[in-house]
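**Q** Here it is: the structure, laid out below.
Numbering (the numbering used here), first residue to last: 6 to 124.
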C-alpha cells in the first residue's frame, strides 16, 4: 500500500484534496509537514482546541471554505466514526480497510469499503 501514489494520481488529475481529522491542528500540521504531503492538500482541517469544535463542525467549515458542494465531495476514511461524520455532513463516504478498523468490521456497517486504494 502506497498512499502517496494515490495522492499523486489524484493531484495530477487536478482533483482537490483536503484533510479532515480529529487530530489537534498543530499536531496534524506537523505530520503533514513531516511526511512532505503539503503539496497534495489545499486544506488541512484538524481540531482547533481554541474553538472546541468537533470533527463535524470542522467538516462544515472545510466544505464552506472549499466552496465545493457536498454532492461533489467524497470523504475517504478508515473508521465507522468517519462514516458517521460523512453522513452528518451529507457527503458520500468510501471506507478503506488499511487503517484503524478491519475490513470485516467496516463491511458490517457500509457497502462501499475498499481493501486497495492504489488502483
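Idealized CB from N, CA, C, for every residue including glycine. The structure presented is a predicted model; accordingly, all values stated were derived computationally and were not measured.
CB residue 48 to CB residue 70, shorter than 9 angstroms?
**A** The count along the chain shown starts at 1 and reaches residue 48 at position 43. The count along the chain shown starts at 1 and reaches residue 70 at position 65. Contact: yes.
**Q** Helix, strand or coil for residue 106? Go by DSSP, reduced to three states.
**A** In the chain shown, the residue the question calls residue 106 occupies position 101. Looking at residue 106 - three-state DSSP - the assignment turns out to be coil, as it is neither helix nor strand.
**Q** Tell me whether residue 100 sits in a helix, a strand or coil according to DSSP, three-state version.
**A** Taking the first residue of the chain shown as 1, we reach residue 100 at position 95. Three-state result, residue 100: strand.
**Q** Helix or strand or just coil, what does DSSP make of residue 79?
**A** Residue numbering aside, residue 79 sits at position 74 when the chain shown is read from its first letter. Residue state, collapsed to three classes: strand.
**Q** Whole angstroms are fine: how far does the CA of residue 31 sit from the CA of residue 65?
**A** Position 60 of the chain shown, counted from the start, is the residue given in the question as residue 65. Position 26 of the chain shown, counted from the start, is the residue given in the question as residue 31. Rounded to the nearest angstrom, the two C-alpha atoms are 19 angstroms apart.
**Q** Since residue 23 sits in a beta bridge, which residues does DSSP pair it with?
**A** The sequence position of residue 23 within the chain shown is 18, counting from 1. Residue 23 is bridged to 48.
**Q** Which stretch, first to last residue, makes up the alpha helix (DSSP H) that contains residue 71?
**A** Position 66 of the chain shown, counted from the first residue, corresponds to residue 71. Residues 60-71.
**Q** Using 10 angstroms around the beta-carbon of residue 113, count the other beta-carbons present and answer buried if the total reaches 16, otherwise exposed.
**A** Translated into positions along the chain shown, residue 113 becomes position 108. Exposed, by the Cβ-count rule.
**Q** Do residue 90 and residue 25 count as a contact pair if the criterion is CB distance below 9 angstroms?
**A** Position 20 of the chain shown holds residue 25. Position 85 of the chain shown holds residue 90. For residue 25 and residue 90, yes; Cβs fall inside 9 angstroms.
**Q** Can you tell me whether residue 102 is buried or exposed, with buried defined as 16 or more other CB within 10 angstroms of its CB?
**A** To locate residue 102, count along the chain shown from 1; it is residue 97. By the 10 Å Cβ count, residue 102 comes out buried.
**Q** Considering residue 87, what are the terminal residues of the alpha helix (DSSP H) in which it resides?
**A** Residue 87 sits at position 82 when you count from the first residue of the chain shown. Per DSSP, residue 87 belongs to the alpha helix (DSSP H) from 85-94.
**Q** With which residues is residue 29 paired in a DSSP beta bridge?
**A** Here residue 29 refers to the residue found at position 24 when the chain shown is read from its first residue. Answer is 52, bridged to residue 29.
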